[in-house]
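In this note's numbering, the protein residues as written are 672 to 1118.
Have a look at the structure below, then the notes.
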């Protein structure tokens, strides 16, 4: 079809389509999304979970920052990967926050990153999503992500998932100003130094590859990705299970954690659906997302089609990579009865793939609006996406950290332990889950 009326001479979505009826500037929307994203993320976390440290956040990120100069460990690999953003949060926490506030500070830092990613998605999607309301919803999906409250929100170790969500939008961005490109290049570098799976979307750099501003962004991502690969080769991750999951288990896990997680906010609702309709019923939930994908591929202009294809492929590859590389026979869906399979939850693996398929629906509404086709339907669908995701936020989702232990309450006993004659130079504070701990130097507890 003739796409020329929808794009400018550089291949971007035409500015007139983006600017139509625009009263509030983009920067104001970006700031609003950053603030709202941070606040909503904080409110989605149970109070007990905000005050608890979880696993790597305490033992490795805070522990390493306490044991050495925080700057010296920023690029220290853990399990084969670099984790720049979590280590930055831990470094700032150790530098400026009293020991009692470490858990709260790590949670606050994680929520602020989610807000920043919300704004970045909105800004970067400018050349892909023509309809501003759709682009606002796209940014809001970041902090409205279904099921994120269980173990991803407020946890620095899981922030890499949000950066993976940012990846396709960042690598499709085509900023006009060199300063914006440099800023996004820095964002790309930090993201790639935190999430090795940014590599999955590097082929998107081929779109409008002659644009020098796009290569500034791509350069940041390429540099960070190269450093990730070097870290993986020099400091390999621990080997996983020897057996790989059956293909059917991978497919069933995808259906259960991606399309179903996108529209059914409760684990109980998902389980009830599969128990009643079986795995074919789970496959039916994928249908509206496939319809949206076909619509974009049919009616979209080049960049919209590229984005839709990348999102669809990304949802499959991101889920499959996490599931296969972290293979665990206890989580092989196809090898157990469905009554047991519905209680297998790998929630964090599904959060971003679910966002990708939701984004395809949002993109489809923008395609309709830009093309002047089925605009009322597009508006209704966009409202539906907002309703579904807001409901997912309102439905209670207990955090894996909600059982504590409360970090602040554990500090006074640890301080007392340091005052005993002959006490060691550091003391141990237990965190969740059971068996994890943080070694805190007694000098940090003085006063």
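Built from N, CA and C at the ideal position, the CB exists for glycine as well.
All figures in this text were calculated on a predicted structure; none of them were measured in a lab.
(1) Taking Cβ to Cβ, would you say residue 988 is nearer than 7 Å to residue 873?
(2) Taking DSSP as the reference, what is the three-state secondary structure of residue 1015?
(3) What residue range is occupied by the uninterrupted alpha helix (DSSP H) comprising residue 771?
(4) Buried or exposed for residue 868, please, with buried defined as at least 16 other CB atoms from any protein chain shown within 10 angstroms of its CB.
(5) Do the CB positions of residue 960 and residue 930 come within less than 7 Å of each other?
(6) Do you know whose CA, among 933, 893 and 725, lies nearest residue 1057's CA?
(7) To the nearest angstrom, how far is the alpha carbon of residue 807 from that of residue 700?
(8) DSSP beta-bridge partners for residue 1103?
(9) Pull up the distance between the alpha-carbon of residue 770 and that of residue 724, whole angstroms please.
(10) May I ask you to verify whether the stretch 871-891 touches the stretch 836-847, counting CB pairs closer than 8 Å and requiring at least 3?
(11) Between residue 732 and residue 750, what straight-line distance do the alpha-carbon atoms span, to the nearest angstrom?
(12) So, does the stretch 811-828 touch the stretch 782-793, judging by three or more C-beta pairs under 8 Å?
(13) Go to residue 994, then tell me how far its alpha helix (DSSP H) extends in each direction, as first and last residue.
(14) On the CB-based measure, 16 or more other CB atoms within 10 Å of its CB, does residue 710 come out buried or exposed?
(15) Please report the straight-line C-alpha distance between residue 1102 and residue 730, rounded to a whole angstrom.
(16) Report the rounded CA-to-CA distance for residue 1010 versus residue 945, giving the unit in angstroms.
(17) Less than 7 Å between the beta carbons of residue 977 and residue 886, yes or no?
(18) Could you give the DSSP three-state label for residue 806: helix, strand or coil?
(19) Taking just the CA atoms, how far does residue 775 sit from residue 1076?
(20) Kindly indicate which residue of 716, 697, 705 and 712 has the alpha-carbon position closest to the one of residue 1070.
(21) Please list, in chain order, all residues of the same chain as residue 1105 whose beta carbon is under 8 Å from its beta carbon, the five residues on each side excluded.
(22) Given this structure, state the Cα-to-Cα distance separating residue 780 from residue 707, to the nearest angstrom.
(23) Please return the same chain residues whose Cβ sits closer than 6 Å to the Cβ of residue 694, not counting the five positions on each side in sequence.
(24) What did DSSP end up calling residue 1010 once you bin it into helix, strand or coil?
(25) Could you spell out where the alpha helix (DSSP H) holding residue 1084 opens and where it closes?
(26) If we count the other Cβ atoms within 10 Å of its Cβ and call it buried at 16 or more, is residue 754 buried or exposed?
(27) Is residue 866 helix, strand or coil when you go by DSSP?
(28) Could you pull out every residue in the same chain whose Cβ sits closer than 8 Å to the Cβ of residue 906, ignoring the five residues on either side in sequence?
(29) What are the residues that DSSP puts in a beta bridge with residue 1098?
(30) Give the single residue among 820, 897, 1109 and 784 whose Cα lies nearest to the Cα of residue 669.
(31) For the alpha helix (DSSP H) containing residue 945, name the first residue and the last one.
(32) Taking the alpha-carbon positions, what's the residue 938 to residue 1021 distance?
(33) Sort out for me which residues DSSP pairs residue 749 with in a bridge.
So, from the listed chains and residues:
(1) Locating residue 988 in the chain shown gives position 317, where the first residue counts as 1. Locating residue 873 in the chain shown gives position 202, where the first residue counts as 1. Contact flag unset, no.
(2) Within the chain shown, residue 1015 is the residue found at index 344, counting from 1. Of the three classes helix, strand and coil, the one that applies to residue 1015 here is coil, per DSSP.
(3) Counting from 1 along the chain shown, the entry for residue 771 is found at position 100. Note, residue 771: premise wrong, no alpha helix (DSSP H); not H, not E.
(4) Your numbering for residue 868 matches position 197 in the chain shown. Residue 868 is buried by the Cβ-count criterion.
(5) As a position in the chain shown, residue 960 is number 289, starting the count at 1. As a position in the chain shown, residue 930 is number 259, starting the count at 1. Yes, the pair counts as a contact, with Cβ atoms nearer than the cut-off.
(6) Start at 1 with the first residue of the chain shown, and residue 1057 comes out as number 386. Among 933, 893 and 725, the Cα nearest to that of residue 1057 is on 933.
(7) Translated into positions along the chain shown, residue 807 becomes position 136. Translated into positions along the chain shown, residue 700 becomes position 29. Computed Cα separation, rounded: 8 Å.
(8) Numbered from 1 along the chain shown, position 432 holds the residue referred to as residue 1103. Paired residue(s): 725.
(9) Reading the chain shown from its first residue, position 99 is the one you call residue 770. Reading the chain shown from its first residue, position 53 is the one you call residue 724. The alpha-carbon atoms of residue 770 and residue 724 are separated by roughly 12 Å.
(10) yes
(11) Locating residue 732 in the chain shown gives position 61, counting from the first residue. Locating residue 750 in the chain shown gives position 79, counting from the first residue. Approximately 12 Å, taken between the alpha carbons.
(12) yes
(13) Taking the first residue of the chain shown as position 1, residue 994 is located at position 323. Counting along the chain, the alpha helix (DSSP H) containing residue 994 begins and ends at 973-996.
(14) Position 39 of the chain shown, counted from the first residue, corresponds to residue 710. The residue is exposed, with fewer than 16 neighbouring Cβ atoms inside 10 Å.
(15) By one-based count along the chain shown, residue 1102 stands at place 431. By one-based count along the chain shown, residue 730 stands at place 59. Between residue 1102 and residue 730, the C-alpha separation is close to 8 Å.
(16) Taking the chain shown and counting its residues from 1, one reaches residue 1010 at position 339. Taking the chain shown and counting its residues from 1, one reaches residue 945 at position 274. Each residue's Cα considered, the two are about 9 Å apart.
(17) For the purposes of this step, residue 977 is taken as the residue at position 306 of the chain shown. For the purposes of this step, residue 886 is taken as the residue at position 215 of the chain shown. Cβ atoms of residue 977 and residue 886: not closer than 7 Å.
(18) Sequence index remark: in the chain shown, residue 806 carries index 135 (1-based). In the structure shown, residue 806 sits in a helix (DSSP, three-state: H, G or I).
(19) In the chain shown, residue 1076 corresponds to position 405, counting from 1. In the chain shown, residue 775 corresponds to position 104, counting from 1. So the two alpha carbons sit approximately 13 Å from each other.
(20) Within the chain shown, residue 1070 is the residue found at index 399, counting from 1. Residue 716 is the option with its Cα nearest to residue 1070.
(21) Position 434 of the chain shown, counting from 1, holds the residue named residue 1105. Here the set comprises nothing.
(22) Position 109 of the chain shown, counting from 1, holds the residue named residue 780. Position 36 of the chain shown, counting from 1, holds the residue named residue 707. Roughly 14 Å between the two C-alpha positions.
(23) Numbered from 1 along the chain shown, position 23 holds the residue referred to as residue 694. So no residue of the chain qualifies.
(24) Position 339 of the chain shown, counted from the first residue, corresponds to residue 1010. In the structure shown, residue 1010 sits in a helix (DSSP, three-state: H, G or I).
(25) Walking along the chain shown from the start, residue 1084 turns up at place 413. Per DSSP, residue 1084 belongs to the alpha helix (DSSP H) from 1078-1090.
(26) As a working mapping, residue 754 is identified with position 83 in the chain shown. Per the 10 Å Cβ criterion, buried.
(27) Mapped onto the chain shown, residue 866 falls at position 195. It is coil, neither helix nor strand.
(28) Here the question's residue 906 lines up with position 235 in the chain shown. Here the set comprises 748 and 751.
(29) As a working note, residue 1098 is residue 427 in the chain shown. Paired residue(s): 1111.
(30) Past the edges of the chain, shown from 672 to 1118, lies residue 669, and the structure says nothing about it.
(31) Taking the chain shown and counting its residues from 1, one reaches residue 945 at position 274. Where residue 945 is concerned, the enclosing alpha helix (DSSP H) stretches over 938-956.
(32) Here the question's residue 938 lines up with position 267 in the chain shown. Here the question's residue 1021 lines up with position 350 in the chain shown. C-alpha separation (whole angstroms): 13 Å.
(33) As a first step, residue 749 is located in the chain shown; it is residue number 78 there, counting from the start. Its beta-bridge partners are 752.
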